[in-house]
Amino acid sequence: QVQLVEAGGGLVQAGGSLRLSCAASGRTFSNYGMAWFRQAPGEGREFVAAIDLMSRLSYADSVKGRFTISRDNAKNTVYLQMNNLKPEDTAVYYCAAQYLSRDYQYWGQGTQVTVSS
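For the sequence shown, position 6 (counting from the first letter as 1) is numbered 6 according to the working numbering, and the numbering increases by one without interruption.
Written out as structure tokens, the structure reads:
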């Protein structure tokens, strides 16, 4: 079992930046693939970015070139640096972890990101 706690959300103007963090506790963090998802009001949850055990990266097309995912295994933390934010990035952002599975079994409680135009 692993527990995930997100932080860093808030209100920002379009074009601004935010950095989200997700602190993990429990099993060895380096054994987990990590990802960020988001859910806008009235929409389903969508994939944003992922970083696997080998630190290979993947991004949704909508955030490529603007968002950067990274991990610090010594701090048991994964980050999402978000630059050039747009109003359509407004959503609750969730951190997720996968362990020996194709699915993400563990989820944080989410952090709200609001981008004003």
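C-beta atoms are modelled at their ideal positions from N, C-alpha and C, and glycine is treated no differently.
Since this is a predicted model, take the numbers as computed values, not measurements.
Tell me the residue span of the beta strand (DSSP E) that contains residue i.
i	result
aspartate 72	67 to 72
arginine 19	18 to 26
For residue i, I'd like the list of residues in its chain whose CB is within less than 7 Å of its CB, leaving aside the five on either flank, ordered along the chain.
i	result
glutamine 98	Tyr32, Gly33, Tyr104, Gln105
alanine 40	Thr90, Ala91
asparagine 84	Gly15, Arg66
Roughly how far, in whole angstroms, is the beta-carbon of residue i from the beta-carbon of residue j, given that I think they are within contact range, below 8 Å?
i	j	result
glutamate 6	glutamine 109	7 Å
glycine 9	threonine 111	3 Å
Alpha carbon to alpha carbon, what distance is there between residue j and residue i?
i	j	result
leucine 4	arginine 27	11 Å
leucine 11	valine 113	6 Å
lysine 86	valine 92	14 Å
glycine 16	serine 58	22 Å
alanine 23	alanine 96	11 Å
serine 21	alanine 74	14 Å
glutamine 1	arginine 56	23 Å
phenylalanine 37	arginine 45	7 Å
isoleucine 69	serine 25	19 Å
On the criterion of 16 or more Cβ atoms from any shown chain inside 10 Å, does residue i qualify as buried, or is it exposed?
i	result
arginine 71	buried
Using a Cβ-Cβ cutoff of less than 6 Å, which residues in the same chain neighbour residue i once the five nearest sequence positions on both sides are dropped?
i	result
alanine 60	Phe47, Val48
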